[in-house]
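**Student:** Here it is, the structure, as structure tokens.
In the numbering used here, the protein residues as written are 86 to 200.
Below is the structure:
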């Protein structure tokens, strides 16, 4: 096979077009840590880990004002997205936390929003 042969769909142009954000979403685009789909920042909730002492499990909370310090992860207001994120262990990875996290406050917030 000669070097001039190029596979269809390969190359930097193809990668750039697939990686670009959807044009239909206005404003900043974020990715849900649960379902991995993209959405507007106004649709997703920002989740942050509270400060905790050494040896304590970090508690995740919803940052309603989107102003709490620290790294944040984005989540759809859907309990199934929370379950997916927990099953995939996405919160520790997204927030760069070693070990388990307590998601009970996030679960309570989402349950209160449903009713």
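Using N, Cα and C, we set each Cβ at its ideal position, and we do this for glycine too. Everything numeric in this text was worked out from a predicted model, so none of it was measured.
Would you give the residue range spanned by the alpha helix (DSSP H) that residue 191 belongs to?
**Tutor:** Element bounds for residue 191: 189 to 199.
**Student:** Is it true that the CB of residue 118 sits closer than 8 Å to the CB of residue 160?
**Tutor:** Cβ atoms of residue 160 and residue 118: closer than 8 Å.
**Student:** Is it buried or exposed for residue 147, if we count other Cβ within 10 angstroms and need 16 for buried?
**Tutor:** Buried, because 16 or more other Cβ atoms sit within 10 Å of the Cβ of residue 147.
**Student:** Please state whether the Cβ-Cβ distance between residue 112 and residue 127 is less than 8 Å.
**Tutor:** It is a contact, given that the beta carbons lie within the stated cut-off.
**Student:** Taking all protein chains shown into account, do 16 or more other C-beta atoms lie within 10 angstroms of the C-beta of residue 137, making it buried, or fewer, making it exposed?
**Tutor:** Exposed, because fewer than 16 other Cβ atoms sit within 10 Å of the Cβ of residue 137.
**Student:** Relative to the C-alpha of residue 153, which residue among 130, 173, 167 is closest?
**Tutor:** Minimum Cα distance to residue 153 is reached at 130.
**Student:** Would you mind giving the Cβ-Cβ distance between residue 169 and residue 134, rounded to the nearest angstrom? I have them listed as a contact below 8 Å.
**Tutor:** With 8 Å as the limit, residue 169 and residue 134 do not qualify as a contact, their Cβ atoms being about 19 Å apart.
**Student:** From the DSSP output, read off the bridge partner residues of residue 179.
**Tutor:** Looking at the DSSP assignment, residue 179 forms no beta bridge with any residue, so it has no partner.
**Student:** Put residue 152 into one of helix, strand or coil per three-state DSSP.
**Tutor:** Coil.
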